[in-house]
Amino acid sequence: MMPRVGIRRAAVVIAARPGPDGPEVLVLERSGASRFLPGYVAFPGGAVDAQDERLAERWFGRAAEAARACAVRELLEEVGLALTADGLARADGPAFPLRAIDGAPPAAAQLVRIAHWVAPEDVPVRFDAEYFAVAAPPGLEPVPDGREIAAAWWSSPGRLLAQWEQGRRKLYWPTYHTVRALAACGSVAELLALEIPTREPDEDELARLPRSTFWQDGEERA
Numbered sequence: 003m004m005p006r007v008g009i010r011r012a013a014v015v016i017a018a019r020p021g022p023d024g025p026e027v028l029v030l031e032r033s034g035a036s037r038f039l040p041g042y043v044a045f046p047g048g049a050v051d052a053q054d055e056r057l058a059e060r061w062f063g064r065a066a067e068a069a070r071a072c073a074v075r076e077l078l079e080e081v082g083l084a085l086t087a088d089g090l091a092r093a094d095g096p097a098f099p100l101r102a103i104d105g106a107p108p109a110a111a112q113l114v115r116i117a118h119w120v121a122p123e124d125v126p127v128r129f130d131a132e133y134f135a136v137a138a139p140p141g142l143e144p145v146p147d148g149r150e151i152a153a154a155w156w157s158s159p160g161r162l163l164a165q166w167e168q169g170r171r172k173l174y175w176p177t178y179h180t181v182r183a184l185a186a187c188g189s190v191a192e193l194l195a196l197e198i199p200t201r202e203p204d205e206d207e208l209a210r211l212p213r214s215t216f217w218q219d220g221e222e223r224a
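Structure follows, in structure tokens:
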């Protein structure tokens with residue numbers, strides 16, 4: 003069994019753009035070499051670290067916005083997309099530095115918090131994650147880093163759920179629950195206005211949904 007670690011603050015980004023059947027969201031597949039949830043589909047994001055407080059002071063004027071700064075950093079590092087005051091755009095090459103955002107940093111209002119997940123004590127890797135939604139323009143394509151991220155693409159939430167039901171994709175419970183909420187949105191504006199109540203699965207869901215929704219291979223709840 004994986005060793006349990008203390009809770010870590012984290013940020014998750016749901017980038018959404020208009021699609022032919024409603025909004026499409028940016029998702030990624032975690033590398034098979036990842037210690038936690040290898041091969042699972044997730045949203046861009048990661049743990050807040052010390053540099054995020056410094057970035058938050060530069061971009062948003064206060065260290066308390068470290069989670070938003072983390073969201074901006076993870077978009078750049080994982081999928082090569084830079085969020086500035088002008089919106090979300092492809093970064094200018096793989097060496098695009100974080101300091102390049104300083105000239106036109108995004109506003110906090112561009113990253114709308116739509117959910118807040120706190121993992122229960124029996125999860126091996128615990129997180130206290132804020133979920134932010136951001137609008138993206140049509141035609142914008144991600145560039146996965148090839149290390150932590152094996153692939154990145156745009157998908158309607160409904161299509162992603164169908165692939166999960168067919169066993170073609172793995173979704174961990176917080177992602178699954180979030181994608182179900184996103185699937186009810188008819189537009190990007192509706193998605194940005196969401197407030198997703200978070201909860202743990204009930205007994206029926208634990209019995210009915212695939213085991214991989216709650217535990218990765220080799221893991222079980224205590």
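Mapped onto the numbering used here, the consecutive letters of the sequence shown carry residue numbers 3 to 224. Ideal Cβ positions, reconstructed from N, Cα and C, are used throughout, including at glycine. Since the model is a prediction, treat every value here as computed from it, not as a measurement.
Item checked: contact_flag[the region 39-56, the region 101-109] where n(CB pairs < 8 Å) is 3 or more -> no
Next item on the list: Tell whether a beta-carbon distance below 8 Å holds between L184 and V27.
Entry: yes
Note to self: Can you give me the C-alpha to C-alpha distance between G34 and L162, rounded to a whole angstrom?
What the structure shows: Between G34 and L162, the C-alpha separation is close to 19 Å.
Notebook entry, point to check: Quick one, are the C-beta atoms of Y133 and I116 less than 8 Å apart?
Noted result: yes
Next item on the list: For S214, name the three-state secondary structure that DSSP assigns.
Entry: helix
Check: In this structure, what does DSSP give as the bridge partners for P25?
Finding: Per DSSP, P20.
Margin query: Just to confirm the assignment, what range does the beta strand (DSSP E) spanning E132 have?
Written below: F129 to A137
Note to self: For G63 and Q168, what's the separation of their Cα atoms in angstroms?
What the structure shows: 46 Å
Item checked: Anticipated Cβ contact below 8 Å, R19 with P139, distance rounded -> R19 to P139, Cβ: 6 Å. Contact.
Margin query: For G48, report the span of its alpha helix (DSSP H) as first-last.
Written below: The continuous stretches of alpha helix (DSSP H) do not include G48, which lies in the beta strand (DSSP E) extending over residues G47 to A49.
Notebook entry, point to check: Going by Cα to Cα distance, which pick from G82, E67 and R10 is closest to P144?
Noted result: G82
Item checked: Whether G24 touches S157 by CB criterion (8 Å) -> no
Item checked: Cβ neighbour criterion (16 or more within 10 Å) applied to R210 -> exposed
Item checked: Backbone secondary structure at L77 - three-state DSSP -> Helix at L77.
Note to self: What does the Cβ neighbour count give for E67, buried or exposed, with the cut at 16 atoms within 10 Å?
What the structure shows: buried
Note to self: Going by DSSP in three states, V43 sits in which element: helix, strand or coil?
What the structure shows: strand
Margin query: Suppose the cutoff is 7 Å on Cβ atoms and the five residues either side in sequence are ignored; what does the same chain contact list for A12 look like?
Written below: Residues G47, G48, A49, V50, F129, D130 and A131 of the same chain have their beta carbon placed closer than 7 Å to that of A12, with the five preceding and five following residues left out of the count.
Notebook entry, point to check: With a CB to CB cut of under 7 Å and the five nearest residues on each side skipped, what residues in its chain are close to V190?
Noted result: A18, R19, P20, P25 and A137
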